[in-house]
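Reading through the structure tokens given below for one structure.
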Amino acid sequence: MTTNWTSPVCVCGRLLELERNDRAAVDLACLCERRIEVRRAGGSWLIAAMLAPERSVPISGFSRELRLDPRAQRFYFSHSIGGSEIPVHIVYSESLRVAEVKAAGMKVSALVEVDGPLDARRRWVERFEALRRHSKPGPNRRPSDSFPWSGPRPAARPS
Ligand SMILES: [Zn+2]
């Protein structure tokens, strides 16, 4: 296989093998177990998203079913929220094609018909960004139940 594309490199140092294709974006799995979404940019591939494997879910909020599923796959990624990078956790079941995504301090988002952990991430980010755009601070803002991020919450907020 000859290719003119510059192959992307995982953070573990491995070159990510890409079949020749016409797609604009490809989901890859590295041997280090990271999942990587690459996007075509000019003459090369850029890493658009990276999920790192996670051995256990450090935060509560996931459904018991997925937490106890021995075959569930766990990943995390960082998402920029209000200027800081927040870890976002994904639990994905390939057999059920469901995923649960949760950022620290937020409610879990359950997704169905998921085509892999990167798909779960894309859908979560899309939904999160759409809701964030629609929930600019305003008089009718409901910080407690607006999905999913209510901003850094002071311990005691005057109401
Ligand atoms: Zn790797």
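Letter 77 of the sequence shown, counting from 1, is numbered 64 in the numbering used here, and no numbers are missing.
Glycine included, each C-beta is placed from N, C-alpha and C at the ideal position.
| Asked | Found |
| --- | --- |
| Touch test, the stretch 45 to 54 against the stretch 11 to 21, Cβ-Cβ under 8 Å, three pairs minimum | no |
| Whether Leu33 touches Arg26 by CB criterion (7 Å) | yes |
| Closest by C-alpha distance to His76, when choosing among Val95, Glu6, Cys(-3) and Asp9 | Val95 |
| Glu72: first and last residue of the uninterrupted beta strand (DSSP E) it sits in | Ser71 to Ser80 |
| Own chain, CB closer than 6 Å to Trp111, minus 5 neighbours either side, in chain order | Val88 and Ser96 |
| Ordered list of beta strand (DSSP E) runs contained in the stretch 16 to 55, each at least 3 residues | 22 to 28 and 31 to 40 |
| Host alpha helix (DSSP H) of Glu113 (start-end) | Pro104 to His121 |
| Sequence-distant residues of its chain with Cβ nearer than 8 Å to Leu38 (five each side left out) | Arg21, Arg22, Ile23, Phe62, Tyr63, Phe64, Ile77, Pro104, Leu105 and Arg108 |
| Per-residue DSSP class, three states only, for Ser67 | strand |
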